[in-house]
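Asker: Shown below is the structure under consideration.
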């Protein structure tokens, strides 16, 4: 029953997380050691394109994983016939294709704009809004198209996720307390990841083409913090990891008690 979820989808999500953080983090770290922080125009466009490719792919993968959990919890008897290996593979491929199409549209909208000095980006990586700020033309129409391309993808996927979990929660009313506990435990990690990833994305891209001082902080969340936390959040669901942590905690408590008794002596 868990073959689809813990197989292809989990592996691809981890891979996308690694790639997404690798697009921005190395350049950010390198810039700490130089006074003049520069990047070529081609490198800037490539960084933006690749970042949006992996970011959008992750959005689609998280949405697909929510659908997988809906089938697993609401239709457990039909899970193996619905979520076959072919279906899982097709959903993963569709996520990659969707991310690529989004990235290409975003890139085409940006590279056709005329840019003029001083070409200084008030951000730690090349993103859409900071680049639009440098354009020497009216960006109203381009801003609307970017809003439709990026913001609506984030919002629509988030709405689909919310609806999926509302249906799951409604269906759990007829389950036993043990069944509800197991179902909620299965969904808890995914809900946590969705919350810390979609929140910054919606704030960043579901608005007109303007920049705010908080943009860099929110960008750090979905490009570095979330990919870093995802493996930790999903690993904590593993029974072996939980048991090892419990044993480690009880061992520390025992050692602490023994140390106190020796001190009293």
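In our numbering, the protein residues as written are 80 to 344. No residue lacks a Cβ here, since even glycine has one placed at the ideal position from N, Cα and C.
Determine the burial state of residue 219: buried for a count of at least 16 other Cβ atoms within 10 Å of its Cβ, exposed for fewer.
Answerer: Result: exposed.
Asker: Just verifying my parser: in three-state terms, what is the DSSP assignment at residue 293?
Answerer: Here residue 293 sits in coil by DSSP.
Asker: Between the Cα of residue 197 and the Cα atoms of 207, 179, 213, which residue gives the shortest distance?
Answerer: Checking every option, the nearest Cα to that of residue 197 belongs to 213.
Asker: Evaluate contact between the region 147-167 and the region 112-122, counting only Cβ atoms and requiring at least three cross-stretch pairs below 8 Å.
Answerer: These segments do not touch.
Asker: Take residue 249 and list the residues in its own chain whose beta-carbon comes closer than 6 Å to its own, dropping the five residues that flank it on each side.
Answerer: Excluding positions up to five away in sequence, the list is empty.
Asker: Three or more beta-carbon pairs under 8 Å between the region 241-248 and the region 205-212, yes or no?
Answerer: Flag = no, the region 241-248 and the region 205-212 do not touch.
Asker: Whole-angstrom Cβ separation of residue 102 and residue 126, contact assumed at under 8 Å?
Answerer: At roughly 6 Å, the Cβ-Cβ gap stays under 8 Å, so residue 102 and residue 126 are in contact.
Asker: Going by the CB atoms, is the gap between residue 202 and residue 135 shorter than 7 Å?
Answerer: In this structure, residue 202 does not lie closer than 7 Å to residue 135 by Cβ.
Asker: Assuming residue 106 is part of the alpha helix (DSSP H), what are its boundary residues?
Answerer: Counting along the chain, the alpha helix (DSSP H) containing residue 106 begins and ends at 89-110.
Asker: Let me know the alpha helix (DSSP H) ranges lying completely inside the region 179-266, each 4 residues or longer, listed in chain order.
Answerer: The region 179-266 contains these whole alpha helix (DSSP H) runs: 207-211, 219-225, 231-250.
Asker: Quick one: give me the first and last residue of the alpha helix (DSSP H) that residue 140 is part of.
Answerer: 120-153 is the extent of the alpha helix (DSSP H) around residue 140.
Asker: Which residue marks the beginning of the alpha helix (DSSP H) containing residue 158, and which one marks its end?
Answerer: From DSSP, the alpha helix (DSSP H) with residue 158 extends over 158-161.
Asker: Give me the residue from 175, 106, 284, 173 with the minimum Cα distance to residue 204.
Answerer: When each option's Cα is compared against that of residue 204, the closest is 106.
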